[in-house]
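Every letter in the sequence shown is one number past the one before it in our numbering, and letter 222, counting from 1, is 228.
Each residue gets a CB set at the ideal place from its N, CA and C atoms; glycine is no exception.
Owing to the predicted nature of the structure, the values given are computational and were not obtained by experimental measurement.
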Amino acid sequence: MAIDYDNFKSAVAVRHSSERAHVYGNVWSDCRKIKQNSVRKPPQRVLETEKPFVVDDYRTRPVSRTDEYRGRDLQRDGVWEEDKNSRYGLVVFNDEGQVLLREPANHFGGYVWTFSKGRPNKGEHPVDTALRETLEETGYKPEIIGHIPQTFRGGSVGSANKFYLAYDTERQVDSTAVERNKETWNITWASHEEAVELISQTTDAGRERDFKTLHAAYDEYAKIMSDNG
Numbered sequence: 007m008a009i010d011y012d013n014f015k016s017a018v019a020v021r022h023s024s025e026r027a028h029v030y031g032n033v034w035s036d037c038r039k040i041k042q043n044s045v046r047k048p049p050q051r052v053l054e055t056e057k058p059f060v061v062d063d064y065r066t067r068p069v070s071r072t073d074e075y076r077g078r079d080l081q082r083d084g085v086w087e088e089d090k091n092s093r094y095g096l097v098v099f100n101d102e103g104q105v106l107l108r109e110p111a112n113h114f115g116g117y118v119w120t121f122s123k124g125r126p127n128k129g130e131h132p133v134d135t136a137l138r139e140t141l142e143e144t145g146y147k148p149e150i151i152g153h154i155p156q157t158f159r160g161g162s163v164g165s166a167n168k169f170y171l172a173y174d175t176e177r178q179v180d181s182t183a184v185e186r187n188k189e190t191w192n193i194t195w196a197s198h199e200e201a202v203e204l205i206s207q208t209t210d211a212g213r214e215r216d217f218k219t220l221h222a223a224y225d226e227y228a229k230i231m232s233d234n235g
């Protein structure tokens with residue numbers, strides 16, 4: 007017998023009774039929860055640091071390198087290799103060691119939580135692309151403090167994704183930029199563990215790329231903070 011699971015209780019009520027439908031409905035709901043909780047999630051990863059850096063002193067805050075990176079040639083200086091299908095973005099940290107994630111509107115492309123990134127406009131430096139995309143999609147204006155050397159490929163469009171590391175110094179949000187942007191539903195700050203849980207909700211193949219980006223970002227951030235301490 008074919009069962010319409012989306013209308014499970016109604017189907018049971020037609021064939022049996024409302025009372026039995028209520029009981030069966032509860033059983034079905036519990037089964038669905040078990041199935042959802044059984045979805046495989048990536049293993050938790052132990053970082054080089056036992057706990058995230060908490061910046062409680064201006065002396066230990068990372069130095070802005072935005073202008074330095076804006077003046078660098080990516081290929082000549084060995085920042086990244088050249089790719090025609092490049093996207094540039096930021097992994098933004100705050101003073102509690104959390105990263106900034108955005109929730110794309112309508113979970114576009116299967117992404118539930120991800121990082122801000124995008125393709126450069128004609129003649130635009132990658133630094134300005136990453137900063138512009140982050141401002142448009144989250145409202146934040148962070149300072150660049152480094153970069154992740156790796157290029158991350160994956161997702162349905164097969165782009166080459168490259169990320170700078172950034173640090174939010176003032177936590178000032180340009181609300182008008184967010185209001186104008188219709189591509190983002192929500193933004194949040196998340197610890198490494200929380201970010202893993204949020205990114206795991208993505209169904210696109212880019213989820214694995216975002217996991218790799220997250221882990222590499224924390225490793226690079228730990229190096230920067232150790233050198234700055």
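Go to residue i, then tell me how far its alpha helix (DSSP H) extends in each direction, as first and last residue.
i: proline 132; result: 132-144
i: histidine 221; result: 212-234
i: tyrosine 75; result: 72-76
Pull up the DSSP beta-bridge partners for residue i, would you.
i: tryptophan 195; result: Leu106
i: asparagine 167; result: Arg93 and Phe158
i: valine 98; result: Ala172
i: threonine 190; result: Pro110
Quick check on the DSSP output: the beta strand (DSSP E) that includes residue i runs from which residue to which?
i: glutamate 149; result: 149-153
i: glycine 115; result: No beta strand (DSSP E) contains glycine 115, which DSSP labels as neither H nor E.
i: glycine 124; result: 122-124
Report the option in the options whose CA atom is closest to the CA atom of residue i.
i: phenylalanine 114; options: Gly103, Glu87 and Gln207; result: Gln207
i: glutamate 1; options: Gln156, Pro68 and Val105; result: A question about residue 1 goes unanswered here, because the residues of the chain that appear run from 7 up to 235.
i: threonine 144; options: Pro68, Asp79, Val202 and Thr194; result: Thr194
i: alanine 223; options: Arg159, Leu171 and Met231; result: Leu171
i: asparagine 112; options: Asp225, Met231 and Lys188; result: Lys188
i: arginine 76; options: Asp174, Asp134 and Lys218; result: Asp134
i: glutamate 87; options: Gly103, Phe158, Asp233 and Leu137; result: Phe158
For this session: Report yes or no: do the segment 209-218 and the segment 126-134 share at least 3 C-beta pairs separated by less than 8 Å?
Result: no
Exercise. Should the segment 85-94 be regarded as contacting the segment 110-120, the criterion being three or more beta carbon pairs within less than 8 Å?
Worked result: no
Problem set entry | the segment 141-153 touching the segment 69-89, judged by at least three CB pairs closer than 8 Å | yes
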